[in-house]
Each structure stands twice: as structure tokens, then as C-alpha cells.
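Visitor: Residue numbers (the UniProt record's numbering): 1 to 137.
Can you keep this structure in mind? I'll have questions shortly.
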């Protein structure tokens with residue numbers, strides 16, 4: 001039992017000294033990794049809220065990312081693990097992705113708010129036209 005405890009303790013100490021994963025051979029620069037994570041978040045959102053769009057266009061999130069950024073799954077996993085191993089760096093990276101998503105959401109929200117106004121104008125024009133028609137009858 002004592003040997004087991006010593007071996008377990010040694011393993012824990014060695015694991016704690018681990019410096020994290022090495023820089024991947026096919027390293028993805030931080031700006032490009034940000035773009036990949038941004039696109040992945042957008043596509044995941046689309047697959048949750050509008051899955052028909054992706055399905056109708058025969059798009060899978062992973063294949064889209066691999067083709068757009070000319071990477072493979074191993075490269076993506078190795079680089080994601082590399083960035084995630086440095087918490088502060090990864091947090092900054094994810095904050096930039098989140099900021100971009102919020103900016104995009106603000107643009108979409110503005111467009112969505114503008115659309116009903118156009119519909120309301122069309123609807124009020126129809127009401128006026130209908131009233132004119134009734135008067136003529």
C-alpha cells in the first residue's frame with residue numbers, strides 16, 4: 001500500500017509539472033484560430049436555431065471549417081488543445097470571439113427591427129387602399 005501511495009504521489013507531482021502541450025507542427029496563428037472559433041460558434045448557433053438552412057445546403061460544421069481554413073480534424077484539435085492549455089491567452093481569444101458575436105448580433109437585431117417597420121408601412125398602405133376601395137363601392 002505504501003508503494004502505491006508513493007507511486008501515486010510521484011505521478012501527481014509529475015503531472016503537475018507538465019508544461020502543457022507543445023506547439024503543434026501545423027500551427028494555426030491566433031488570428032486564424034479566432035476566425036475558426038467565430039465561424040464554429042455561428043454555425044453551431046445556426047444548427048441549433050435554423051437547422052434547415054444547413055441541412056438544405058448540405059453543410060456540416062466540421063466539413064465547412066476544414067474546407068474553408070484548409071485544415072484537418074487533427075490540426076484543429078491539436079491547436080485548440082494548445083490554445084486552451086494557456087488559460088489567460090485562451091480567455092482573451094474567446095473574449096474576442098464573443099465580442100465579434102455580440103457585434104454581429106447587434107447588426108442582425110437592427111436589421112430585424114427595421115424589417116417590421118417596412119411591413120407595417122405596407123400593411124398601413126393596404127388598409128388605406130382598402131378604405132379607398134370601399135368608398136368607391
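For glycine and all other residues, C-beta sits at the position ideal for the given N, C-alpha and C.
On a predicted model such as this, the values are computed, not experimentally measured, just so you know.
My guess is that residue 90 and residue 36 are in contact by the Cβ rule of under 8 Å, so how many angstroms apart are they, rounded?
Guide: Here residue 90 corresponds to residue number 90 of the chain shown, with the count starting at 1. Here residue 36 corresponds to residue number 36 of the chain shown, with the count starting at 1. With 8 Å as the limit, residue 90 and residue 36 do not qualify as a contact, their Cβ atoms being about 13 Å apart.
Visitor: Please name the residue, chosen from 26, 115, 42, that lies closest to residue 97 on a Cα-to-Cα basis.
Guide: Start at 1 with the first residue of the chain shown, and residue 97 comes out as number 97. Minimum Cα distance to residue 97 is reached at 42.
Visitor: With H, G and I counted as helix, E and B as strand and the rest as coil, what does DSSP make of residue 95?
Guide: Translated into the one-based positions of the chain shown, residue 95 becomes position 95. DSSP places residue 95 in helix when its eight states are reduced to three.
Visitor: Report the CB separation of residue 102 from residue 38 in whole angstroms; it is logged as a contact under 8 Å.
Guide: Stepping through the chain shown from its first residue, residue 102 is reached at position 102. Stepping through the chain shown from its first residue, residue 38 is reached at position 38. Wrong, their Cβ atoms sit about 11 Å apart, outside the cutoff.
Visitor: Apart from the five residues on each side of it in sequence, which residues of its chain come closer than 6 Å, Cβ to Cβ, to residue 19?
Guide: Reading the chain shown from its first residue, position 19 is the one you call residue 19. If we look at residue 19 and ignore the five residues flanking it on each side, it has no Cβ neighbours.
Visitor: For residue 67, does the three-state DSSP call read helix, strand or coil?
Guide: The residue given as residue 67 occupies position 67 in the chain shown. It is helical.
Visitor: Looking at the unbroken alpha helix (DSSP H) that takes in residue 51, where does it start and where does it end?
Guide: Mapped onto the chain shown, residue 51 falls at position 51. Unbroken alpha helix (DSSP H) run through residue 51: 51–56.
Visitor: Helix, strand or coil for residue 19? Go by DSSP, reduced to three states.
Guide: Here residue 19 refers to the residue found at position 19 of the chain shown. Here residue 19 sits in coil by DSSP.
Visitor: Measure the beta-carbon distance from residue 79 to residue 24 and round it to whole angstroms, keeping in mind my assumption that it falls under 8 Å.
Guide: Along the chain shown, one-based indexing puts residue 79 at 79. Along the chain shown, one-based indexing puts residue 24 at 24. Yes, they are in contact, since the Cβ atoms of residue 79 and residue 24 sit about 5 Å apart, within 8 Å.
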